[in-house]
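Protein chains in written order, with this note's numbering: chain G, 150 to 420; chain S, 13 to 236.
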């Protein structure tokens, strides 16, 4: 019982840190995809006096990546019904050129204003409509969710770190006697810390396996049946094979730092 | 005969060197000699012993053990030097989570001897200190005298060049103390090991010739 308790006291906080790391990875991938969809779905409307090429738009602002001209005849189709040919040609001639302008990323509303300002500085451009209010509300909600999750992950990592430091204190006490005696008789560092490393490595492996298993379950069982559109669409982003390596690497880094801190703090012989 | 230990103008101090314990000590100890170091409480006996196994670096002067100056020795060399020493403590310093046998063969384990050799040596040493039946027990299941015999067996396990003992009988009754002294006399006589014992009292029954140093007023003096 004591054996299991000793292991769990390191495995659980380590799992919490690994969960935090994995949450961050999943969240980052999911939000990147979501952001990409938002970016692709958004365009601003630009009206100009003369035809404008994409390069000219890009010279005005580097965030512009597409500029699709709206067919002018389509715009006036309804208006010119019943109007004489000469009049309809005059209407068409007086009509500005309309463009749907796409951007490279999901930008802050201030940057949207900057783009608008840059475009309107050109004498050929008559009007720019950013649809700022609906964009602004989506952007703020998205930014808020992002911030909340990041704060939660950081908080979780900090609490877990304190638990690991607490466990290091326990290790320090539990392994002090043996390590000091071995040091007196000339044991090198690796031999002195061998037992502690073995314990910690086993715990790191278990913690990595448990966290990977949780995310495998979430990806292949829970997400598929969750009915949550975003989860089902982004199922691939939930857990990737490379994540196992990242989790194991992170666990090992924490273990090595923790064990060496304990070993070095146990140097010298107590009176 | 060559000197195993040689101190020249040796000064030992704690802190930043401001709390001197030993000052300008000069002495030498040859191979196979049995040496007692006595002195009042707090005179620096244990401090001198700590410096001999490299736990405290000399503040000034030199302290050469087995040809290595402990004032300038590198950590890896110090580790290697310690594998040629047998150290015995008043509080035994056994690893309580290990069996008696495992404690005894610690120096062999550190030196990388095979399990077979370790087992053979453990049996031989435990027989030598009359603890053959206790190999699978744990230190805390033994009496103080028995624990110290385990400590002596551990110190002897790799035929050390020098045995350093810090008040080895300080916590023991007369009977147990005599057993410990016998074991150390045997080691000195049969293995030609240098034995240096810090003690507050030289045993009354002691058959070997020995040298006696006393630490007083920060100095180390030989008593003739």
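Where a beta carbon is used, it is the ideal one built from N, C-alpha and C, also for glycine.
What you are looking at is a predicted structure, and each value in this text was computed from that prediction instead of being measured.
Keeping to the same chain, check which residues put their C-beta closer than 7 Å to that of residue 118/S; ignore five residues upstream and five downstream.
Only 166 meet the Cβ criterion.
Give the C-beta separation of residue 176/S and residue 99/S to the nearest angstrom, bearing in mind that I take them to be a contact with Cβ-Cβ under 8 Å.
At roughly 5 Å, the Cβ-Cβ gap stays under 8 Å, so residue 176/S and residue 99/S are in contact.
Mind pulling the chain G residues with CB within less than 9 Å of residue 118/S?
Under the 9 Å cutoff, chain G gives 330, 331, 334 and 336.
As a quick exercise: from 111/S, 126/S, 90/S and 140/S, pick the residue whose alpha carbon is nearest that of residue 198/S.
For residue 198/S, the nearest C-alpha among the options comes from 140/S.
Assuming residue 415/G contacts residue 316/G under a Cβ cut-off of 8 Å, what Cβ separation, rounded to an integer in Å, is found between them?
Contact doesn't hold; Cβ gap of about 15 Å is too wide.
By alpha-carbon positions, which one of 240/G, 230/G, 227/G and 221/G ends up nearest to residue 246/G?
Measuring from the Cα of residue 246/G, the nearest candidate turns out to be 221/G.
Using a beta-carbon distance cut-off of less than 9 Å, what residues from the region 73-94 of chain S approach chain G?
The region 73-94 of chain S vs chain G, Cβ under 9 Å: 88, 90, 91, 92, 93 and 94.
Starting from the Cα of residue 190/G, find the closest Cα among 307/G, 403/G, 252/G and 291/G and give me that residue.
Closest option to residue 190/G, Cα to Cα, is 252/G.
CA-CA distance, residue 200/S and residue 231/S?
Roughly 26 Å between the two C-alpha positions.
Of all Cβ atoms in chain S, is any one closer than 8 Å to the Cβ of residue 327/G?
For residue 327/G, the answer is yes, since a Cβ of chain S falls inside 8 Å of its Cβ.
Please report the residue range of the beta strand (DSSP E) in which residue 223/S lies.
Element bounds for residue 223/S: 223-228.
Taking the runs of the beta strand (DSSP E) that are 3 residues or longer, which of them lie wholly in the region 132-200 of chain S?
Fully enclosed beta strand (DSSP E) runs of 3 or longer: 174-178.
Near residue 31/S, what residues of its chain come up, given a Cβ to Cβ distance below 7 Å and the 5 sequence neighbours on each side ignored?
25.
I'd like to know whether the C-beta of residue 167/G is nearer than 8 Å to at least one C-beta of chain S.
Chain S contact via Cβ: absent.
Looking at chain G, is there any beta carbon in it that lies within less than 8 Å of the beta carbon of residue 107/S?
It does: the Cβ of residue 107/S has a partner Cβ on chain G nearer than 8 Å.
How big is the Cα-Cα spacing for residue 22/S and residue 90/S?
Those two C-alpha atoms are separated by around 18 Å.
Return the residue from the list 148/S, 153/S, 150/S and 189/S that minimises the CA-CA distance to residue 164/S.
Taking only the C-alpha atoms, the option nearest residue 164/S is 189/S.
Take residue 172/G as the anchor and find which of 153/G, 262/G, 375/G and 386/G has the nearest alpha-carbon.
Looking at the Cα atoms, 386/G is the closest of the given residues.
By Cβ distance below 7 Å, which residues in the same chain neighbour residue 167/G in space, the five residues on each side in sequence not counted?
If we look at residue 167/G and ignore the five residues flanking it on each side, its Cβ neighbours are 356, 357, 360, 396, 399 and 400.
I'd like to know if residue 114/S contacts chain G, where contact means its C-beta is closer than 8 Å to some C-beta of that chain.
No - not a single Cβ of chain G is within 8 Å of the one on residue 114/S.
What whole-angstrom Cβ distance do residue 73/S and residue 20/S have, given they're in contact under 8 Å?
About 6 Å separates the two Cβ atoms, so the contact holds.
Considering residue 38/S, what are the terminal residues of the beta strand (DSSP E) in which it resides?
It spans 31-42 - the beta strand (DSSP E) in which residue 38/S sits, taken as one unbroken run.
Given a cut-off of 8 Å, decide if residue 188/G and residue 383/G are closer than it, judged by their beta-carbon atoms.
Contact: no.
Does any residue of chain G have a CB that is nearer than 8 Å to the CB of residue 129/S?
It does not; no Cβ of chain G falls within 8 Å.
Using 8 Å as the limit for Cβ to Cβ distance, is residue 429/G near chain S?
The first residue shown for chain G is 150 and the last is 420, placing residue 429/G beyond what the model contains.
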